[in-house]
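Have a look at the structure below, then the notes.
Numbering (this note's numbering), first residue to last: 93 to 401.
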């Protein structure tokens, strides 16, 4: 079909046409970030490189979070004998099943439309698999159920099981950024007091594309904490030295997920589809150059900043 023919065909679709109405239906039950994720070439290449480096012949892989089926296909492509993958979202399960069915690896991949917790309770996931893979991370690490998934992984894993990612390291810094803070708070507008809206402000963190905001890091970024599925270290309080005076509006964090031979990161300016995480504070903390400040991010992603007196 030529371009002109395509345009003419599209002009025949009128308001009320079923073909148009299907595309206009809101899909609030679909995790739309998967479009950005599957188009993140760096992420895809990094994970494929790590999987390709493994000896998977005859191995059983459990994946938590099937997504589009891409990762399960990579494990099968590089030799895994059996891949059992679970996914909560029914729409994604439908997509993944159809994608996988169109490949030569369909007979080695089994998809379960359940959370890992329910799948374990029902005995649907194999115990002591050779590999457990999950990429159920958000910008602040814990928002997609990291801690509960870690519990599930510990129920499945044996002493020889390889867990991917092996380690997730979170880096953080004090940030001055009025525009980011204003994405999560209200004051007055048109002469009216709208501060009651602040009752619904996000307490722990939300995605922040820092390149789009004028901001200043008020201290050197520091390693905030590690996360590991088999043995997750407890959060620590870190003392940082302020390099420039200003109002601390929050803590900016990002992660580096170690998949064995390669690392996936959402560091600022990395080009990752993941944004960074902005952890707002209940109140601004004003600091001076050379102040010592305590900083912590807890298991729920809440940040705490205290200026030492």
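Beta carbons are placed, not taken as given, at the ideal position from N, Cα and C, and that holds for glycine.
Asked                                                                                                                                                      : Found
Exposed or buried, residue 158, counting other C-beta atoms within 10 Å across all chains shown (16 or more means buried)?                                 : buried
Does the contact criterion of 3 or more C-beta pairs under 8 Å hold for the region 286-304 versus the region 247-256?                                      : no
From 370, 241, 360, 380, pick the residue whose C-alpha is nearest to that of residue 320; which is it?                                                    : 241
Give, in chain order, every unbroken run of the beta strand (DSSP E) that is at least 3 residues long and sits entirely within the region 333-359.         : 338-350, 355-357
What whole-angstrom Cβ distance do residue 154 and residue 221 have, given they're in contact under 8 Å?                                                   : 4 Å
Looking at C-alpha atoms only, which residue of 400, 388, 231, 239 is the closest neighbour of residue 360?                                                : 231
Within its chain, find whatever has a CB closer than 8 Å to the CB of residue 260; leave out the 5 residues flanking it on each side and keep chain order. : 229, 233, 318, 319, 320, 347, 348, 349, 350
Between the alpha carbons of residue 397 and residue 269, how many angstroms are there, rounded?                                                           : 15 Å
Which of helix, strand or coil does DSSP assign to residue 180?                                                                                            : coil
What's the call for residue 395, buried or exposed, on a 16-neighbour Cβ count within 10 Å?                                                                : buried
Is residue 152 buried or exposed, if buried means 16 or more other CB atoms sit within 10 Å of its CB?                                                     : buried
If you measure between the beta carbons of residue 245 and residue 327, is that distance less than 8 Å?                                                    : no
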